[in-house]
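> Have a look at this one before I ask anything.
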Amino acid sequence: MNAADFILDTNVFGVEIPGCEGKAGMAAINIKDNEDLDGSKISELGHLCREKLPGYARPRFLRVQQQMSLTSTFKQQKTDLVKDGFNPSTVREPLYYLDRSTDEYKPLADEIYQEIINGQLAM
Numbered sequence: 272m273n274a275a276d277f278i279l280d281t282n283v284f285g286v287e288i289p290g291c292e293g294k295a296g297m298a299a300i301n302i303k304d305n306e307d308l309d310g311s312k313i314s315e316l317g318h319l320c321r322e323k324l325p326g327y328a329r330p331r332f333l334r335v336q337q338q339m340s341l342t343s344t345f346k347q348q349k350t351d352l353v354k355d356g357f358n359p360s361t362v363r364e365p366l367y368y369l370d371r372s373t374d375e376y377k378p379l380a381d382e383i384y385q386e387i388i389n390g391q392l393a394m
């Protein structure tokens, strides 16, 4: 994902989906200053993931951050990101999910979140 010219850094971790075994991949992406993440850039990220990563390794969720949280030794912090998960009511930053019917990233709205946690939308 860092191959995209508008991404500064990426932090990948796993999040739990109720009723599912294991964890789903989620990537917190830090975009460069003065960059806006519009629909064409989200499409570019989806294309890049399809091109470079096997299906099982593609993040199911994206979280767009203006700044990454780092430790005092400049390591990426994941604990809070994992705890926040992918709930759009909790996370105030833009969230996207991988729509398996189109293989594209789409904005994660509350309705979609409910479908995911109720098992109506497979991830």
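Residues in the sequence shown are numbered from 272 upward in steps of one, following my numbering.
Glycine included, C-beta positions come from ideal geometry on N, C-alpha and C.
1. Hey, Met-272 and Cys-320 are a contact pair by Cβ (cut 8 Å); roughly how many whole angstroms apart?
2. Would you mind working out which of Phe-345, Asp-355 and Asn-305 sits nearest Leu-333, comparing C-alpha positions?
3. How about Tyr-327 and Pro-359: do their beta carbons lie closer than 9 Å?
4. Taking all protein chains shown into account, do 16 or more other C-beta atoms lie within 10 angstroms of the C-beta of Arg-363, making it buried, or fewer, making it exposed?
5. By the 10 Å Cβ neighbour count, where 16 or more other Cβ atoms means buried, how is Arg-331 classified, buried or exposed?
6. Give the secondary structure of Gln-385 by DSSP, where H, G and I count as helix, E and B as strand, and everything else as coil.
7. Between Lys-323 and the rest of its own chain, which residues show a CB-CB distance below 8 Å, the 5 nearest in sequence each way excluded?
8. Go ahead and pull the three-state DSSP assignment for Gly-296.
9. To which residues of the same chain is Glu-306 closer than 7 Å at the C-beta, ignoring the five residues directly before and after it?
10. Based on the DSSP output, what are the partners of Asp-280 in its beta bridges?
11. State the beta-bridge partners of Phe-332 as determined by DSSP.
12. Could you please give me the residues that DSSP links to Leu-352 through a beta bridge?
13. Of all the options Ala-298, Gly-290, Asn-282 and Leu-279, which has the alpha carbon lying nearest to the alpha carbon of Tyr-367?
Taking the definition as stated:
1. 7 Å
2. Asp-355
3. no
4. exposed
5. buried
6. helix
7. Ala-274
8. strand
9. Phe-277
10. Asn-301
11. Met-297 and Tyr-368
12. Paired residues: none, contrary to the question.
13. Ala-298
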